[in-house]
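Participant: Mind the numbering: the sequence shown is residues 1 to 276 in the UniProt record's numbering, read in order.
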Amino acid sequence: MNSNSSGSSNNQEIKKDLLINVDIQYQYPSLPTGCEVTSVSMLLKHCCKGDDNDQDRYSKEVLAEQVGKEQDPCQDHISLVGGNPYRAFVGLPTSKLSFGMFHQPVYHLIDNQFNNSNDNNNNNNNSNSLKAIDLTDKCNDLANIKYPLKLNESEEYIKSRLDHFETETTSGSDDDDDESDIEILKNHLNKYNYPIIIWMTLELRKPSITDTWIDVNVPENEIHWVSPEHCALLVGYNENEFIINDPHTGKVEYYNKDLFLKRWRQMGRQAVSIIQ
């Protein structure tokens with residue numbers, strides 16, 4: 001880990017450069033739509049590194065079996081009906097044609113791992129002292145941010161958020177968001193030294209709404225899927241880049257800071273990690 005200090009925020013020293021060394025995992029070929037569970041696996045295996053008995057049960061394939069799932073969109077009379085990615089994985093991580101999931105089911109997947117460890121009463125297990133934390137609300141509850149994540153977002157609202165951040169040009173201008181949202185993630189990395197699961201787009205490509213369906217459990221709600229949705233593990237940053245363990249490439253990627261922030265914000269500032 002680098003240790004160039006840039007001062008503090010809320011009494012927390014924030015380093016100018018930070019890198020957490022986390023073993024990379026490649027989601028293919030077994031989990032073509034399993035970027036989320038692959039990211040969870042990287043996080044859990046890193047944070048529970050001393051617990052040899054837990055390494056196998058934290059494999060991406062095991063987590064893919066355990067994660068809550070709801071149906072892929074399918075035709076029901078005149079409408080497409082499918083699962084809700086804020087509730088469960090839509091489809092199967094092993095299917096090329098499925099979709100994915102967002103921050104709540106990822107949080108619950110991690111939380112369930114630690115609850116199961118506690119139930120086993122294994123006092124030698126480091127995971128007994130770990131807890132899942134969902135940073136999404138904290139990142140979206142700041143006073144001055146634009147287009148925060150909301151429940152049951154309309155197509156118009158999602159498109160407005162995508163368009164707003166797509167047209168931003170100068171980071172830090174009066175018309176743009178400040179960096180208070182991403183500072184929450186930097187604070188977490190510095191305080192706990194645990195990486196963070198984040199949502200972005202595949203290869204940081206431009207996002208758009210590509211699919212719409214009716215929520216299978218709440219018929220009055222529509223789901224508007226933004227593609228190419230992607231989930232990865234934030235392991236560090238420097239002055240100009242964010243450092244990502246990317247399950248799509250199977251590599252540690254150094255992504256341009258401004259473009260990464262644009263995509264993370266377009267996907268709703270979603271972030272899940274672990275605290276001790």
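Beta carbons are placed, not taken as given, at the ideal position from N, Cα and C, and that holds for glycine. Bear in mind the structure is a predicted one, so any value in this text is a computation, not a measurement.
#1: Going by other Cβ atoms of all chains shown within 10 Å of its Cβ, with 16 needed for buried, is Asp181 buried or exposed?
#2: State the Cα-Cα distance for the pair Asn124 and Ala271, rounded to the nearest angstrom.
#3: For a quick check, are the C-beta atoms of Pro93 and Leu31 less than 7 Å apart?
#4: To the nearest angstrom, how far is the alpha carbon of Glu61 from that of Tyr26?
#5: Would you mind listing the alpha helix (DSSP H) stretches within the region 42 to 103 that are 4+ residues and don't spill past its ends, in chain order?
#6: Taking contact to mean at least 3 C-beta pairs separated by less than 8 Å, is the region 190 to 209 in contact with the region 226 to 237?
#7: Report all residues from its chain with a CB closer than 7 Å to the CB of Met1; omit the five preceding and five following residues, and keep chain order.
#8: Leaving out five residues on either side along the sequence, give the residues of the same chain with a beta carbon under 6 Å from the beta carbon of Leu189.
#9: Which residue marks the beginning of the beta strand (DSSP E) containing Asn256, and which one marks its end?
#10: Check each candidate in Asp72, Thr212, Val252 and name the one with the smallest Cα separation from Ser154.
#11: In chain order, what residues of the same chain lie with their CB nearer than 6 Å to the CB of Met42, ignoring the 5 residues before and after it?
#12: Quick one: grab the DSSP three-state call for His248.
#13: Could you tell me how far apart the beta carbons of Tyr192 and Ile275 are, in whole angstroms, since I believe they sit closer than 8 Å?
#14: Return the chain-ordered list of same chain residues with a C-beta closer than 8 Å to the C-beta of Ser95, the five sequence neighbours on each side being excluded.
#15: Going by C-alpha distance, which of Glu36, Thr167, His46 is nearest Ala64?
Facilitator: Judging by the given coordinates:
#1: Buried is the call here.
#2: Unreliable positioning characterises Asn124 in this predicted model, as indicated by a pLDDT of 49, which lies under 50. The coordinate reading is nonetheless provided below. Cα to Cα, the separation comes out at about 29 Å.
#3: Between Pro93 and Leu31, the CB-CB gap stays under 7 Å.
#4: Distance between the alpha carbons of Glu61 and Tyr26 is about 12 Å.
#5: Listed in chain order, they are 52 to 57, 60 to 66.
#6: Contact between the region 190 to 209 and the region 226 to 237 is present, because at least three Cβ pairs lie under 8 Å.
#7: Because Met1 sits at a pLDDT of 38, beneath the cut-off of 50, its placement in the model cannot be relied upon, and the point is left open.
#8: Cβ contact annotation for Leu189 (same chain, cutoff 6 Å, sequence separation greater than five): Leu18, in chain order.
#9: First-last of the beta strand (DSSP E) with Asn256: 251 to 256.
#10: Among Asp72, Thr212, Val252, the Cα nearest to that of Ser154 is on Thr212.
#11: Only Val22, Gln25, Leu233, Asn245 meet the Cβ criterion.
#12: It is coil, neither helix nor strand.
#13: Contact flag correct, Cβ pair sits at about 6 Å.
#14: By the criterion of a C-beta distance shorter than 8 Å, Ser95 is surrounded in its chain by Pro32, Thr33, Asp72, once the five residues flanking it on both sides are discounted.
#15: It is Glu36 whose Cα lies nearest to the Cα of Ala64.
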